[in-house]
Every structure is written in C-alpha cells, then in structure tokens.
C-alpha cells in the first residue's frame, strides 16, 4: 500500500465509529439491509426480516432493493449530516447476495464522500474480496468464531459451498480455510479488517486468544469479542452467555496480541445513527410484517423545574468513575436552584458476574432501576442500552460522563433544565 493510501485509510479510521472509539460519539453510520440470503447456519442465529423490537445482528424491519437503499441514504444524509459510513451487514451474508455489489456501486457513485463497509462470515470472501476492493470497500468485518475445526463444528449447523451442504468438521474446515485466506488477501489489498468473534463460554471461550493471535498475524486491525445472545428457537437458546467479568478478562488476554473494540452495541442490520443511539425507526419505510412494534415506553414526564434528584455511580464520592452495572454504591444529590446538596448513598447489587443476557441479567437491571426510581437522573461512566431502557421505564434519564462528581451533576441538571434531553439518549 502506498504512503498516500495509508494516510487516507488512517483518516477514515478516525471517522469510522466501529473502528475508532472516539469516532463513535461524533460520527454516524447507516446499515442498508439489502442482503437477506445466507450461506451458513450458525447455531446462535435466527435472522428476522420484519422485526422492530429486537436489537441484535441479523434483525431488520425491512429488506430493501439497492435503489430503495440509495433513496433512503439521501433522506438519512439530509437529516444526519454527520453520517460518515454506509455498511452492509445483512440480515444474511452480503457475499451470498448479488444485490450487494449493485448497491455498493450505486452508493459510491452517488455518495463518494461516504466510507463503504461490509460484514461477512467470510465463506465467499476469497472469491469476491478483489471485487469488493474495486468497488471501494475499505473496511471489512469478518465474523470468525474458531480457527480449530473441532471447535467450529460445534458452532455451525451447516455450510453451503458450491451448491453442496457441508456439515460437521468438513463444514468448519471449509469455512475457516476461506476466512483465513480472505482476511489475508483483504489486508494485502489495503483493507482495514475487523474480526468479530461470538464468545460462547462453554465452547470457544478458552480458544479465542489463539484465534486473536492468528488473525493479528494475518494483519487484522482490531478484534471485537461479542457476547453470545441466546435467541429462542436456535440450538443455543439455552447456552449460557458470558458475564461482563468474563468478557473483560478475555479482552485483556487478547489485547496482548490485537487491539480490542470495547464500544460495540451489537447493531441491527438496519441500524442508523450514532452507536447506541439507533434512529432506524424514524426512517422505516416498509410496514413491519406480522411483527407489531412494541408500544412506546410510558415515562414519567420530567418537566422543567428548579429541583432535581440525581444518583451518581462512584467508588469514593469524589468522581464519576464507575459503569452503571459495576457500581455497588450510588451517591445521591438534591439540586435546588443550582445548589448541589449531598443526601447520602444507595447500595445496589452489581451484575459483574451475572450473564450479559437472559433472565438473570434482566432481573438485575429491574432491581437496580427499582432502587433508583425516585431519581430524575442517573450518572455513570457508561450505561448500557438495556440499562438505559430500564431506567426510562421509570422515567429516569441516563447520562454517561466521567470526572468530578459536582461538575457532572451540574452539567447534567443544566442540560435537563435547558430542555436538551437528546444529549442524554
């Protein structure tokens, strides 16, 4: 790759919300769901083409034609001027759909300033990677869950390769071979490669560091360890997801070899907006099949007033320094006419060792929100989307920041008082 090309890619990394943590707070991305067909069956996956209610990969409220996708980008770009990336991430595998290539060409022709990104299982990557490069795809994500076929055969039900359905070890061997070959070629061409790995504690948990080392040797830029989401109706619906602690420890192990993505929101195939602030419902153009959208969350209305109650996740009461889910103690304040008055602490259970999805996780979030129900605002270093939603049900606004606790409380209440609610979302 030429020095000029390297500089251009570096600049684009700084505006890609998935590859640069700082960028995800400033730059928006849009996934265009134009690829419904898939060529493998993962034991954790159930694709849905007409669902508004789930927030996970493989789910969309609509499947678009390339022409519809371009028209939608025009609309989104007008309303979201900080849009920097157009991605194709399903709901099936983009490289199993001819529409992918037409869409990439049309998008680049009309929006040459937008970065093109694609996510794939990698089965067809050796066949199409050069074509992707010619179509100006510079960012590539490959979901790879094993480099050992003995482990891979436990994760995949089948692989469709050259018209033949492969199963067991044979399926895993073919998939892994193509993934490794495709990643190496993509890097050689000059693409920036991210490898997503679904963390299934009972199957590939101890194996993932080996995978991370291997993809780094091939030139991958970053690794994203995604917790298993047990989806009803799949073979892994009763499989245990990892705990936040297990995931952090695994990320630390893998970071010895490759950069880790820690801000992933496990986006839908039709996600739009900043990471963690999905706006896809605003732009949905096709009715949602038989899947009725959930009713809007009923919230206690917080009117502009002179007094607010605030709870802050802090380890020592001086600084905002804890994630919502890791905090055992919340320091509480009354804010009256600008004065910040300490009122004590509230202790809650952490969910550091509770699985990241499932009934136990949902119960913990409900208990935490119940304990904080009298407050107007909760402040923490990070607050996950499920926690934000649970707080909203109680009419509580979530505000993520760090630093001095008094300054954080003042800024949050000032924003609320000024009606800048969007900054809390």
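In our numbering, the protein residues as written are 6 to 430. We treat Cβ as the ideally placed atom computed from N, Cα and C, and that holds for glycine.
Handout entry: Beta-bridge pairing of residue 161 - partner residues as DSSP gives them
Key = DSSP lists 47 as partners of residue 161.
(request) Express the C-alpha separation of residue 383 and residue 417 in angstroms, rounding to a whole number. (result) Rounded to the nearest angstrom, the gap between the Cα atoms of residue 417 and residue 383 is 9 Å.
**Item:** residue 313 (DSSP reduced to helix, strand or coil)
**Value:** DSSP places residue 313 in strand when its eight states are reduced to three.
Requested in this report: Identify every run of the beta strand (DSSP E) within the stretch 68–95, keeping only runs that are complete inside it and at least 3 residues long; order them along the chain.
Outcome: Fully contained in the stretch 68–95 are the following beta strand (DSSP E) runs of length 3 or more, in chain order: 88–93.
Q. Shortest alpha-carbon distance to residue 335 belongs to which of 277, 194, 93 and 349?
A. Selected option, being the one with the closest Cα: 349.
Q. When burial is assigned at 16 or more other CB atoms within 10 Å of the CB, is residue 346 buried or exposed?
A. The residue in question, residue 346, is exposed, as its Cβ has fewer than 16 Cβ neighbours within 10 Å.
Notebook entry, point to check: What residue ranges within the stretch 225–267 form continuous alpha helix (DSSP H) runs of no fewer than 4 residues, ordered along the chain?
Noted result: Those alpha helix (DSSP H) runs which fall completely within the stretch 225–267 and span 4+ residues are 249–260.
On a CA-only basis, which of 164, 176 and 264 is nearest residue 201? Give me that one, please. For residue 201, the closest alpha carbon among the candidates 164, 176 and 264 is that of 264.
- Could you give the distance in angstroms between the alpha-carbon of residue 194 and the alpha-carbon of residue 18? The straight-line gap from Cα to Cα measures roughly 16 Å.
What are the residues that DSSP puts in a beta bridge with residue 34?
Assignment of beta-bridge partners to residue 34 by DSSP yields 90 and 278.
Cβ neighbour criterion (16 or more within 10 Å) applied to residue 22 = Its Cβ being crowded by 16 or more others within 10 Å, residue 22 is buried.
>> Quick test of your reading: residue 91 and residue 119, contact by CB under 8 Å. State the CB separation rounded to the nearest angstrom.
In response: Between residue 119 and residue 91 the Cβ distance is about 5 Å, and since that is below 8 Å, they are a contact.
Check your understanding: Any idea if residue 199 is buried or exposed, counting beta-carbon neighbours within 10 angstroms, 16 or more meaning buried?
Key -> Burial is judged here by how many other beta carbons sit within 10 angstroms of a residue's own beta carbon; residue 199 has at least 16 and is buried.
Supposed close pair residue 213, residue 259 - CB separation, criterion 8 Å: Yes, they are in contact, since the Cβ atoms of residue 213 and residue 259 sit about 6 Å apart, within 8 Å.
Shortest alpha-carbon distance to residue 39 belongs to which of 25, 77 and 48? The shortest Cα separation from residue 39 among 25, 77 and 48 belongs to 77.
What did DSSP end up calling residue 334 once you bin it into helix, strand or coil?
DSSP places residue 334 in the strand class (E or B) of the three-state scheme.
Buried or exposed for residue 115, going by 16 or more other Cβ atoms inside 10 Å?
Taking every protein chain shown into account, the CB of residue 115 has fewer than 16 other CB atoms within 10 angstroms, so this residue is exposed.
Does residue 67 pass the burial test, meaning 16 or more other C-beta atoms within 10 Å, or should it be called exposed?
Result: buried.
- Task: Could you tell me if residue 79 is buried or exposed, where buried requires 16 or more neighbouring beta carbons within 10 angstroms of its beta carbon?
- Result: Residue 79 comes out exposed.
Checklist line | Sheet register partners of residue 169 (DSSP bridge) | finding: DSSP, once it has assigned bridges, lists 166 as partnering residue 169.
**Request:** Give me the Cα-Cα distance between residue 413 and residue 65, rounded to the nearest whole angstrom.
**Result:** Cα to Cα, the separation comes out at about 36 Å.
> Just the Cα atoms here: how many angstroms apart are residue 159 and residue 147?
Replying inline: Inter-residue distance for residue 159 and residue 147 is about 19 Å (C-alpha atoms, whole angstroms).
*Could you check which residue in 415, 75, 204 and 378 has the C-alpha nearest to that of residue 344?*
The candidate whose alpha carbon is nearest that of residue 344 is 415.
inquiry  = What does the Cβ neighbour count give for residue 395, buried or exposed, with the cut at 16 atoms within 10 Å?
reply    = Under a 10 Å Cβ-count criterion, residue 395 is classified as buried, with 16 or more other Cβ atoms of the shown protein chains found around its own Cβ.
From 190, 211, 230 and 250, residue whose alpha carbon lies closest to that of residue 222
Selected option, being the one with the closest Cα: 190.
(Q) Excluding the 5 residues flanking residue 255 on each side, which residues of the same chain have their C-beta closer than 8 Å to its C-beta? (A) Closer than 8 Å at the Cβ level, and outside the excluded window around residue 255, lie 204, 210, 213, 214, 230 and 247.
*Cβ contact check for the stretch 97–108 and the stretch 123–142: 3 or more pairs under 8 Å*: Contact between the stretch 97–108 and the stretch 123–142 is present: three or more C-beta pairs spanning the two stretches fall below 8 Å.
* Asked: Is any heavy atom of the ligand ATP found at a distance shorter than 8 Å from the C-beta of residue 84?
  -> With respect to the ligand ATP, the structure offers nothing, as it holds no ligand at all.
Next item on the list: Express the C-alpha separation of residue 285 and residue 31 in angstroms, rounding to a whole number.
Entry: One C-alpha to the other measures close to 18 Å.
Query raised in the report: For residue 262, which residues of its own chain have a beta-carbon under 6 Å away from its beta-carbon, when the five flanking residues on both sides are left out?
Result: Annotation for residue 262: 217, 218 and 221 place their beta carbon closer than 6 Å to its own, counting only its chain and skipping 5 residues before and after.
- prompt: So, do the stretch 237–246 and the stretch 172–189 have three or more beta carbon pairs nearer to each other than 8 Å?
  reply: Contact fails: fewer than three Cβ-Cβ distances are below 8 Å.
Checklist entry - Is the CB-CB distance between residue 318 and residue 386 below 9 Å? => result The criterion of a C-beta distance shorter than 9 Å is satisfied by residue 318 and residue 386.
- Task: Determine the direct distance from the alpha carbon of residue 288 to that of residue 70, and round the result to whole angstroms.
- Result: When only Cα atoms are considered, residue 70 and residue 288 end up about 15 Å apart.
Tell me, please, which residues DSSP counts as bridged to residue 405. Residue 405 pairs with 385.
- request: Please go through the same chain and pick out, in chain order, the residues whose beta-carbon is closer than 6 Å to the beta-carbon of residue 74, but skip the five residues on each side of it.
  value: Residues 37, 39 and 108 of the same chain have their beta carbon placed closer than 6 Å to that of residue 74, with the five preceding and five following residues left out of the count.
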